[in-house]
Amino acid sequence: MVETLEAGGRGHLAPALSLVEILRVLFDDIMQYRSNEPNWDDRDRFILSKGHGCLALYVMLEEKGFISPKDLKKFCAFDGILGGHPERSKIPGVEASTGSLGHGLSIGIGMALRARMDQKGYRVFVVAGDGECNEGSIWEAALCASKHRLDNLTLIIDYNHMQSYGLTEQIFPLEPLSEKLKAFNFSVKEIDGHDVNALKEKLSSLPFSLHKKPSALICHTVKGKGISGVEHNLKWHHSNKVDSELAQKLIQGIL
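Note that the numbering used here has the sequence shown beginning at 777, numbered continuously upward.
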């Protein structure tokens, strides 16, 4: 991931590091897909609503064979397909162009409704950020998901308790988040979002309710997880000056 960041010279590293384990479990253990047939009709759909966390998604798509290592080396290049936010028209395996925050859940609802109308068994997973949950469109979409009783839809919240300008508790508090989602008729679980075994256990037990409710998994995470100088550091929400020397420090964890 750091090498991809270095190739582009800029990007959102810390927001990507908080969701790596979530994507790892989804792509390794939970979702059905075919990398050689990205538009396979029966695939599970995944939407990274917090599109600025795309570095983690790009690395996962390369590992699973949707894109090539050469694509990673052209991150944010004019002749590359990987931008600072994912674009559906350019990148195999990307279901929706995201980055304008607050839209992913609504798109996912449309996909989940289509699955029902077409009598298909595929599921829809949407990863949203906690700062993104400041958007009113998230809560309008939650009402819609509840109304249509979309038990094939799962909202995963990357709750790293930070957003671009500060702590979520200071900018726009979300608590009590679990109770709010339950009030919107979601079936809700909370876990450590970096605990791979816990993620496997919870995501393998979907839907969380047998009563036709959408599911929500609140994942408590650390922004910048894994690199000491990046963890909890707002300066690393986005960086536009990443050279080879800084990249090596990031890889070695000696910031």
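The C-beta atom is built at its ideal place from N, Cα and C for all residues, glycine as well.
Bear in mind that the values here come from a model prediction, so they are computed numbers and not experimental data.
Could you name each continuous alpha helix (DSSP H) segment of 4 residues or more that falls completely within the segment 863-915, going from the start of the chain to the end? Counting only runs of 4 or more, we get 880-893.
Sort MET938, VAL870, LYS826 by Cα distance to GLY841 and report the nearest one. The closest CA to that of GLY841, considering only MET938, VAL870, LYS826, is found on VAL870.
DSSP state of THR944 mapped onto helix, strand, coil: Note: THR944 maps to helix in three-state DSSP.
For LEU837, the nearest candidate out of ARG810, ALA1023, GLY878 (CA to CA): Checked all of ARG810, ALA1023, GLY878; the closest Cα to LEU837 is ARG810.
PHE962, DSSP secondary structure in three states: Coil at PHE962, not helix or strand.
Nearest-angstrom beta carbon gap, GLY912 and ASP934 [assumed within contact, 8 Å]: With a beta-carbon spacing of about 19 Å, ASP934 and GLY912 fall beyond the 8 Å limit used to define contacts.
Rounded to a whole number of angstroms, what is the C-alpha to C-alpha distance between LYS1025 and LEU986? A direct Cα-to-Cα measurement between LYS1025 and LEU986 gives close to 49 Å.
Whole-angstrom distance between VAL902 and SER755, CA atom to CA atom: Given a span of 777 to 1031 for the chain in the structure shown, any question on residue 755 remains unanswerable.
Straight-line gap, ASN1009 to LYS999 (C-alpha atoms, nearest Å): For the pair ASN1009 and LYS999, the Cα-to-Cα distance works out to about 8 Å.
Segment contact flag, the segment 1004-1021 with the segment 786-793, C-beta cutoff 8 Å, min 3 pairs: Yes: the two stretches touch, three or more of their Cβ pairs being nearer than 8 Å.
Alpha helix (DSSP H) containing THR930: first to last residue? Premise fails: THR930 lies in the beta strand (DSSP E), 929-935, not in any alpha helix (DSSP H).
Close-in-space but distant-in-sequence residues of the same chain around TYR941 (CB under 7 Å, 5 per side omitted): Cβ neighbours of TYR941 within its own chain (closer than 7 Å, five residues either side excluded): ILE947.
Quick one: which unbroken beta strand (DSSP E) runs of 3-plus residues sit fully inside the segment 792-841? Chain order, please. Within the segment 792-841, the complete beta strand (DSSP E) runs of at least 3 residues are 821-824.
What does the Cβ neighbour count give for LEU919, buried or exposed, with the cut at 16 atoms within 10 Å? Per the 10 Å Cβ criterion, exposed.
Is it buried or exposed for GLN1028, if we count other Cβ within 10 angstroms and need 16 for buried? Counting C-beta atoms within 10 angstroms of its own C-beta, GLN1028 has fewer than 16 neighbours from the protein chains shown and is therefore classed as exposed.
Please report the straight-line C-alpha distance between HIS879 and LEU931, rounded to a whole angstrom. Their Cα atoms are separated by approximately 13 Å.
Are SER954 and VAL964 touching if we call contact CB-CB under 8 Å? A contact, by the Cβ cut-off of 8 Å.
Straight-line Cα distance separating PHE984 from LEU975: Going by the C-alpha atoms only, they are around 13 Å apart.
Presumed contact (8 Å Cβ cut-off) between HIS924 and LEU881, rounded CB distance: In this structure, HIS924 and LEU881 do not form a Cβ contact; the two beta carbons are roughly 13 Å apart against a cut-off of 8 Å.
Starting from CYS853, trace the beta strand (DSSP E) in both directions and tell me its first and last residue. The question names Cys, yet the displayed sequence has Ala at residue 853. First-last for ALA853: undefined, no H or E at that position.
Selection from ARG899, TRP816, GLY784, CYS909 that minimises the alpha carbon distance to PHE854: Distance check between PHE854 and each of ARG899, TRP816, GLY784, CYS909 places GLY784 closest, using alpha-carbon atoms only.
Beta-carbon separation of ILE885 and LEU929 under 8 Å? Contact flag set, yes.
When burial is assigned at 16 or more other CB atoms within 10 Å of the CB, is ASP804 buried or exposed? Flag for ASP804 reads exposed.
With distance defined between alpha-carbon atoms, name the residue in ASP1019, SER1020, LEU781 nearest to LYS850. Checked all of ASP1019, SER1020, LEU781; the closest Cα to LYS850 is LEU781.
Within this structure, are the beta carbons of LYS826 and GLU908 separated by less than 8 Å? It is a contact, given that the beta carbons lie within the stated cut-off.
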